[in-house]
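Just remember that my numbering sits 7 ahead of the position in the sequence shown, which is counted from 1. Virtual Cβ for every residue (Gly too), placed ideally from N, Cα, C. Below: the structure, in structure tokens.
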Amino acid sequence: MTDDLKTKKLTALQRMDCLFDKGTFREIDVFVSHRCTDFGMEKENIPSDGVITGFGLVNGRKIFAYAQDFKSKGGSLGEMHAKKICKVLDLAVSTGNPVVGFHDSGGARIQEGVDALAGYGEIFYRNTRASGVIPQICAVMGPTAGGAVYSPALMDFIFMVKESSYMFITGPDVIKSVTGEIISSEELGGAMTHTAVSGVSNFACDSDFECIEEIKKLLDYIPSNNLETPFVKECSDDPFRETISLETIIPENESSPYDMRKVILEIADNSEFFEISREFAKNIITGFLRVGGICAGIIANQPEYLAGCLDINASDKAARFIRFCDAFNIPVVTIADVPGFLPGKDQEFGGIIRHGAKILWSYSEASVPKILLITRKAYGGAYIAMSSRHLGADMVFSWPKAEIAVMGASGAVEIIHRKLLANSQNRDVLKKRLVEEYREKFSNPYKAASRGYIDSVIRPFETRAAIYETLIFLSSKKSDFPDKKHGNMPL
Ligand code: HXC
């Protein structure tokens with residue numbers, strides 16, 4: 008790819024060329040053509056019926072792909088266009104290989120009416136059936152409006168390109184006529200809106216080229232299907248390397264924030280961490296790393312944002328990521344430093360009970376190896392929710408200064424000694440003493456360790472080695488679930 012193309016909007020064919028290893032892309036269904044005869048369509052020849060489909064190698068791995076071609080009738084989706092996408096999805100599932108879709112389309116081909124709508128339905132049906140069988144990756148690189156947004160939404164990961172892609176159910180014109188609101192396409196459904204505000208998209212990229220490079224990086228962490236595990240990469244970084252910088256990462260003041268991303272980077276091979284949904288629900292971090300070459304999914308509270316509390320968006324983000332990891336045999340490593348669920352009317356009215364339940368559900372249901380590290384605090388329901396032993400964690404580590412309690416010392420003392428404090432002549436001195444007493448008793452990991460809820464209290468410098476060894480020992484984990492059609496997950 009020439010340098011000048013790296014910043015430009017690419018054509019469908021250029022996108023395929025950029026994705027696949029040189030000379031490996033084989034196009035199929037080039038001669039498929041539409042059979043619409045309404046509105047003068049019988050005279051229209053639409054090259055490839057507006058979508059290029061085929062397969063090839065990406066860093067040596069087999070991948071199926073389709074790319075809608077906006078230059079051919081706006082990439083609009085008619086009956087045969089949809090059939091081509093369905094064929095690729097069917098082949099990807101039957102051969103157990105990931106699919107990548109480049110979306111760039113004016114939506115349902117208006118002239119084809121219900122045949123175009125049927126085409127979308129057939130795609131949605133296949134996206135759903137393929138979910139959890141093969142990874143489905145979608146790059147939105149142009150318009151996506153109306154019901155057309157639902158194919159991306161049914162896939163595993165959505166990438167968008169800033170200033171050139173948008174997704175919405177109803178566009179700015181309809182909104183203006185119905186509600187009077189005036190808003191641009193970019194503001195309503197552009198890459199930053201969906202990556203930072205709605206959480207619909209996982210990535211906002213600066214160009215088509217950057218977007219495709221990121222897709223390749225993602226593919227590197229995930230297996231080709233649900234029967235495989237991610238490949239173990241040769242690793243130049245000593246898995247037993249001491250993580251010395253973690254000894255001093257927790258601030259003296261227990262309520263001061265620190266950057267959890269630094270903890271993750273210190274644990275990861277060569278400080279490489281592929282973060283998912285970085286801009287959305289920043290109070291929780293999700294993404295992939297390798298430790299000693301072994302791939303794992305990370306879910307970690309971020310004390311730098313909302314003190315790392317769990318809220319509606321963090322719950323949705325974490326739950327979806329845990330389910331992806333579980334579906335594709337990727338072990339889950341959780342790093343907890345969580346003061347609780349975020350209090351507030353907005354959270355309650357927005358259904359934090361329903362959303363928070365998704366984390367509990369996802370961890371409980373996940374049968375992949377589950378490792379938990381508690382760095383500083385894990386309080387109340389959030390302690391349970393963050394991959395606790397009680398939800399089936401296989402191995403629980405904590406650093407020596409971690410506090411596991413129903414709540415922080417100060418709040419707890421205010422409640423259990425309310426009367427005593429109210430009657431005291433010297434409230435402040437008494438409270439300080441009671442807080443210290445409480446801390447000694449409950450605000451440490453040893454009570455939980457004495458019950459076996461924590462398996463090992465480790466020094467921060469041992470963290471990478473402990474996680475590496477555990478990933479190796481848990482790799483042969485087998486886990487049974489009672490027979491059922493499927494559970495009724497809170498949604
Ligand atoms: C048929 C379409 C088309 C469509 C674009 N074209 N969208 N043809 N059906 N849905 C054609 C145009 O007629 C034109 O053909 C060519 O594509 C390029 O379109 P332009 O309008 O010239 O391009 P541009 O100015 O860049 O505008 C792009 C656009 C606009 C914003 C996407 O075309 C547009 O608003 N299209 C309609 C979008 C829409 O409402 N789609 C339906 C969404 S609902 P020629 O021959 O002149 O080159 C939906 C329901 C799905 O999709 C339901 C699933 C359950």
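Buried is the label assigned to Val-298, since at least 16 other Cβ atoms lie within 10 Å of its Cβ.
Contact between the stretch 159-179 and the stretch 189-204 is present: three or more C-beta pairs spanning the two stretches fall below 8 Å.
DSSP assignment within the stretch 193-252 yields the following whole beta strand (DSSP E) runs of 3 residues or more, N-terminal first: 210-212. The closest heavy atom of the ligand HXC lies less than 7 Å from the beta carbon of Lys-80. Asn-320 and Thr-44 have their alpha carbons spaced roughly 47 Å apart. A contact between stretches requires three or more CB pairs, one per stretch, nearer than 8 Å, and the stretch 275-294 meets this requirement with the stretch 309-328. Residue state for Asp-323 is assigned as helix, using DSSP reduced to three classes. Just measuring C-alpha positions, the residue of Ser-205, Leu-349, Gly-388, Asn-336 sitting nearest Val-239 is Asn-336. At the C-beta level, Leu-317 and Ala-392 come within 8 Å of one another. Across the structure, Lys-439 and Glu-447 are spaced so that their CA atoms are roughly 12 Å apart.
Comparing C-alpha distances from Val-413 to each of Leu-379, Glu-119, Pro-452, Asp-401 shows the shortest one belongs to Pro-452.
Take the alpha-carbon of Tyr-386 and the one of Leu-349: they are about 12 Å apart. For the 8 Å CB-CB criterion, Ser-214 and Thr-14 form a contact. If you check the CB distance, Ala-472 and Phe-164 do not come in under 8 Å. Asp-401 is positioned such that its CB atom lies no closer than 8 Å to that of Ser-374.
In this structure, Val-270 and Thr-341 do not form a Cβ contact; the two beta carbons are roughly 12 Å apart against a cut-off of 8 Å.
Burial is judged here by how many other beta carbons sit within 10 angstroms of a residue's own beta carbon; Asn-433 has fewer than 16 and is exposed. DSSP places Val-140 outside any alpha helix (DSSP H), giving it a letter other than H or E. Looking at the DSSP output, Lys-377 bridges to Val-339. Note that the C-beta distance between Glu-286 and Ala-211 is below 8 Å. A residue is called buried once 16 or more other Cβ atoms fall within 10 Å of its Cβ, and Asn-430, having fewer, is exposed.
Cβ-Cβ distances below 7 Å link Phe-280 to Ile-271, Leu-272, Gly-294, Leu-296 in the same chain, with the five nearest sequence neighbours on each side left out; the list follows chain order. Inclusion of Val-58 and Ile-92 in the CB contact set at 8 Å is warranted, their separation being smaller than that value.
Annotation: the continuous beta strand (DSSP E) that includes Arg-297 extends over 291-298.
If you look at His-110, you'll find it in the beta strand (DSSP E) that goes 106-110. 8 Å or more divides the Cβ of Lys-80 from the Cβ of Ile-117. In the same chain as Ala-275, and ignoring 5 residues on each side of it, the C-beta atoms closer than 8 Å to its own belong to Leu-296, Arg-297, Val-298, in chain order.
DSSP links Gln-75 through a beta bridge to Val-58. Here Phe-280 carries a strand assignment [DSSP, helix/strand/coil].
Around the C-beta of Phe-488, fewer than 16 other C-beta atoms lie within 10 Å, and the residue is accordingly described as exposed. By the neighbour-count criterion, in which 16 or more other beta carbons inside 10 Å mark a residue as buried, Asp-353 falls on the exposed side.
Per DSSP, the unbroken beta strand (DSSP E) holding Thr-151 starts and ends at 150-152. With a 10 Å radius around the Cβ and a threshold of 16 neighbouring Cβ atoms, Arg-42 comes out exposed. In the DSSP annotation of this structure, the continuous segment of the alpha helix (DSSP H) that includes Phe-449 starts and ends at 434-449. Here the distance from the Cβ of Tyr-228 to the nearest heavy atom of the ligand HXC is not below 7 Å. Ranked by Cα distance from Ser-417, the first of Ser-83, Leu-428, Lys-408 is Leu-428.
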